[in-house]
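Here the protein sequences come in this chain order: A and B. Numbers given in our numbering equal positions in the first sequence, counted from 1, plus 3. Numbers given in our numbering equal positions in the second sequence, counted from 1, plus 746. Think of the CB as a built atom: it goes at the ideal place given N, C-alpha and C, for glycine as much as any other residue.
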Amino acid sequence: MLQVVCIKQVADTETRVKVAADGKTLDPAGVTWVLNPYDEFAIEEALRIRERQGSGEVVAISLGGPGVQTTLRSALALGADRGIHLRSEALAPDPIAVARALAAEIGGLHADLVWFGKQSVDDDQAQVGPMVAELLELPCATAIAKLALDGTRATIEREIEGGREVVELTLPAVLTADKGLNEPRYASLKGIMTAKKKPIDEKPAALGEPRLELVGLELPAPRKAGRVIGQGVEALPELLRLLREEARAL
Amino acid sequence: MSILVFVEQRDGRLRTVSREALGEAARLSASLGGPVVAVCPAAADPGLAALGEAGADRAILARHQAFGSYHAAGYARAVAAAAQTLGPKLVLFANSAMGRDLAPRVAARLDAGLASDCTALAVEGGRLIATRPVYAGKAIQKVAFKGPVALASLRPKAFAAVARPGVSAAVETLAVAEDPQFARSRLVSVAASAAGKLDLTESEVIVSGGRGLKGPENFKLLEDLAQVLGATVGASRAVVDAGWRPHSDQVGQTGKTVSPKLYVAVGISGAIQHLAGMSSSRCIVAINKDPDAPIFKVADYGVVGDLFEIVPALTDAVRKLNAQHV
Ligand SMILES: Cc1cc2nc3c(=O)[nH]c(=O)nc-3n(C[C@H](O)[C@H](O)[C@H](O)COP(=O)(O)OP(=O)(O)OC[C@H]3O[C@@H](n4cnc5c(N)ncnc54)[C@H](O)[C@@H]3O)c2cc1C
Ligand SMILES: Nc1ncnc2c1ncn2[C@@H]1O[C@H](COP(=O)(O)O)[C@@H](O)[C@H]1O
């Protein structure tokens, strides 16, 4: 079985956001770049399926500048078999453009499962996975928390407001991973060593026309500095008074 | 130019998030011009004329026998078909579980730009500008659209509904064509979680617990407090990863982004990833025994001390307060 995992390089979640001089993007100075956390769940699930089946291939694809090769290497270190780097110089292309380029590449691979994270933790769009599914006319389930595979039938569970949906899909299909799907592994030393020898194919990304244009990036209005109103249960009458009279939150 | 709004029904009732989307469409139509048209995929008309009261001038019933419950591929085709017939300038969705799943599919079918989880939409210099939190709320992005049609999904509770009592929408029917994709996926069942539990993103008051609670059994303390406050219980990632609470309870960068009226953080240190998900709450209360915990930097009202003493006392005090006000 051939599985493709689309991975994005993002700023580490510890990042304190600073706006770049262009007033539109993140100032990259001092930022640590990591694999999008949700994509870790996607890779892990693909690897477990390959391990369970005892055969098959896992291909990691990332679209971005030269820097994304480190992220591809980290996917290879976890156990992906090979990488594809879709090269793009455009700063933060919009989701539909990314989806077009990924779909163009993935369409030619004839994968059984195409994996995404449910959302990238920088732009928080949660779009690319289901977009690729529609462009390739594949069935798709987003933000899945559980998967059972039986031949070409996938049964998934996903969280909705106040409950869980169970959805059945016929492979080939697109799935996007939510946290909770599994417990991602860490790369082993051996994995990191062998990753150096695994191939990464590099090709230009066919993004097409942009549909979104960045206009600005701002920091939210800072919260008023925090205030400790007291210690222990003695502080409760004052807390309740403030909640009622000042914050009008009760 | 019209505005198309995808509306969700649950048990035959229009969901609040869709009411908010219709309300925003009604407001925007003042500057964009043109009617507000609702689109609702369904197997039979659930009474769409009533959408007039929430702001719709017209309503399209996108009908197919498979649309008794959510069908992702089917709904995507239906909404895209409605957009293709109508030719709207803007298509709105709620950023609900369904909207999040559906909107990108429709955008792909229309080859259009989509701004997810918007907190504001405005027409500036003739251009539609969407405002949306990024980096889980650590920054605010503004985007403009290119191409003939723009799509946006709206964060729950960020937009106001409108009420137009007595107004009814003209209902038209769009027959949705059969498609081989309809057979390739299907919703098998929906299991309700803990009875009556409101989703965190829709809650006005949230009481969240962290590792300071020491064990899953102690969340009973928070459930009691939540009950008297009319709150939903949330959690930090540390306790979700420990298996004390389900992932659906997690607040933060890899959980839910929430902005309730009142957020009570109990035994939560306030790591940057947690703060990202709740810093836009209107009022934050923190209870923590460590006076240097970072959560106190964002708390409007911090109480330093042992949660095992403070929380039960707070629950009692609120209960007494509630009794006075009945
Ligand atoms: C990629 C990534 C994503 C992440 N995403 C999230 C996310 O979405 N949400 C999230 O929450 N975290 C997230 N984290 C984890 C985050 O960094 C912290 O580890 C986590 O928030 C800590 O949880 P906590 O505050 O419950 O635990 P701790 O940091 O251990 O804090 C426990 C607190 O309880 C207090 N306490 C202990 N006993 C008592 C008592 N008796 N009375 C009062 N107070 C007491 C302590 O003083 C302490 O401040 C993420 C991390 C990474 C790397
Ligand atoms: N540049 C990219 N390269 C590869 N995959 C991507 C890229 N951007 C987004 N994705 C995938 O799409 C998912 C959702 O991203 P987004 O729609 O940006 O929130 C991510 O978790 C990745 O799996």
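(request) Go through its chain and collect everything with a Cβ distance to A:Pro213's Cβ below 7 Å, but skip five positions before and after it. (result) Result list for A:Pro213: Pro96, Asp97, Ala100, in chain order.
(request) Anything in the segment 168 to 187 of chain A with a Cβ closer than 8 Å to a Cβ of chain B? List those residues in chain order, please. (result) Under the 8 Å Cβ criterion, the segment 168 to 187 of chain A contributes Glu168, Val169, Val170, Glu171, Leu172, Thr173, Ala176, Asp181, Lys182, Gly183.
(message) List, in chain order, every chain A residue whose beta-carbon is nearer than 7 Å to that of B:Arg930.
(response) Near B:Arg930 (Cβ distances below 7 Å), the residues of chain A are Pro142, Leu172, Thr173.
(request) Quick one: residues in its chain with C-beta nearer than 8 Å to the C-beta of B:Cys1029, no 5 flanking neighbours on either side, listed in chain order? (result) Hits under 8 Å: Lys1007, Leu1008, Tyr1009, Asp1046, Tyr1047.
(message) Beta carbons nearer than 8 Å to chain B: which residues of the segment 213 to 238 of chain A have them?
(response) Correct list: Pro213, Arg214, Leu215, Glu216, Leu217, Val218, Gly219, Leu220, Glu221, Leu222, Pro223, Arg226, Lys227, Ala228, Gly229, Arg230, Val231, Ile232, Gly233, Gln234, Gly235, Val236, Ala238.
(request) Output yes or no for whether 8 Å exceeds the beta carbon distance between A:Thr179 and A:Pro142. (result) No, they are not a contact pair.
(message) Any beta carbon of chain A sitting closer than 8 Å to that of B:Cys864?
(response) By the rule that beta-carbons nearer than 8 Å mark a contact, B:Cys864 does not touch chain A.
(message) With a threshold of 7 Å (Cβ to nearest heavy atom), would B:Asn1068 be considered close to ligand 1?
(response) For ligand 1, not one heavy atom lies less than 7 Å from the Cβ of B:Asn1068.
(message) Does any residue of chain A have a CB that is nearer than 8 Å to the CB of B:Pro1037?
(response) Closer than 8 Å: yes.
(message) Just checking B:Asp1036 against ligand 1 - is the residue's beta carbon closer than 7 Å to any of the ligand's heavy atoms?
(response) For B:Asp1036, the Cβ falls inside the 7 Å cut-off from some heavy atom of ligand 1.
(request) Find out if the Cβ-Cβ distance for the pair B:Thr919, B:Leu807 is shorter than 8 Å. (result) For B:Thr919 and B:Leu807, yes; Cβs fall inside 8 Å.
(message) With the cut-off set at 8 Å, would you say B:Ala981 and B:Gln996 are in Cβ contact?
(response) Yes. Within cutoff.
(request) On a CA-only basis, which of B:Asn1034, B:Ser862, B:Ser777 is nearest B:Gly872? Give me that one, please. (result) Among B:Asn1034, B:Ser862, B:Ser777, the Cα nearest to that of B:Gly872 belongs to B:Ser777.
(message) Could you tell me the alpha carbon to alpha carbon distance between B:Ala898 and B:Asp1052, rounded to whole angstroms?
(response) Whole-angstrom Cα-Cα distance: 45 Å.
(request) Answer yes or no: does any C-beta atom of chain A fall closer than 8 Å to that of B:Pro810? (result) Here residue 810 of chain B turns out to be His, not Pro, going by the sequence shown. Chain A, which has no Cβ nearer than 8 Å to the Cβ of B:His810, makes this no.
(request) Can you give me, in chain order, the residues of the segment 891 to 925 of chain B that have a beta carbon less than 8 Å from any beta carbon in chain A? (result) Against chain A - using a Cβ distance shorter than 8 Å - the residues of the segment 891 to 925 of chain B are Phe891, Lys892, Gly893.
(request) Output yes if chain B places a C-beta closer than 8 Å to the C-beta of A:Gln12; else output no. (result) No, its Cβ sits nowhere closer than 8 Å to a Cβ of chain B.
(request) At 4 residues or longer, and completely inside the segment 821 to 886 of chain B: list those alpha helix (DSSP H) runs for me, N to C. (result) Those alpha helix (DSSP H) runs which fall completely within the segment 821 to 886 of chain B and span 4+ residues are 843 to 856.
(request) Return the Cβ separation of B:Leu867 and B:Glu770 in integer angstroms, given the expectation that the two are a contact with Cβ distance under 8 Å. (result) The beta carbons of B:Leu867 and B:Glu770 sit about 6 Å from each other, so the pair counts as a contact at 8 Å.
(request) Give the secondary structure of A:Glu205 by DSSP, where H, G and I count as helix, E and B as strand, and everything else as coil. (result) Residue state, collapsed to three classes: strand.
(request) Say whether chain A places a C-beta atom closer than 8 Å to the C-beta of B:Arg851. (result) Closer than 8 Å to some Cβ of chain A, the Cβ of B:Arg851 qualifies, so yes.
(message) Is there a Cβ of chain B sitting closer than 8 Å to that of A:Asp42, yes or no?
(response) It does not: the Cβ of A:Asp42 has no partner Cβ on chain B nearer than 8 Å.
(message) Ignoring anything shorter than 4 residues, give me the alpha helix (DSSP H) runs that lie fully in the segment 51 to 91 of chain A, in order along the chain.
(response) The qualifying runs are 71 to 81.
(request) Compare the C-beta of A:Gly261 with all C-beta atoms of chain B and state if any pair is closer than 8 Å. (result) Given a span of 4 to 253 for chain A in the structure shown, any question on residue 261 of chain A remains unanswerable.
(message) Whether or not the segment 930 to 939 of chain B and the segment 878 to 897 of chain B are in contact is what I'm after, with contact meaning three or more pairs of Cβ atoms, one per stretch, closer than 8 Å; do they touch?
(response) Verdict: no, contact absent.
(message) The alpha helix (DSSP H) that contains A:Glu137, what's its start and end?
(response) Per DSSP, the unbroken alpha helix (DSSP H) holding A:Glu137 starts and ends at 131 to 138.
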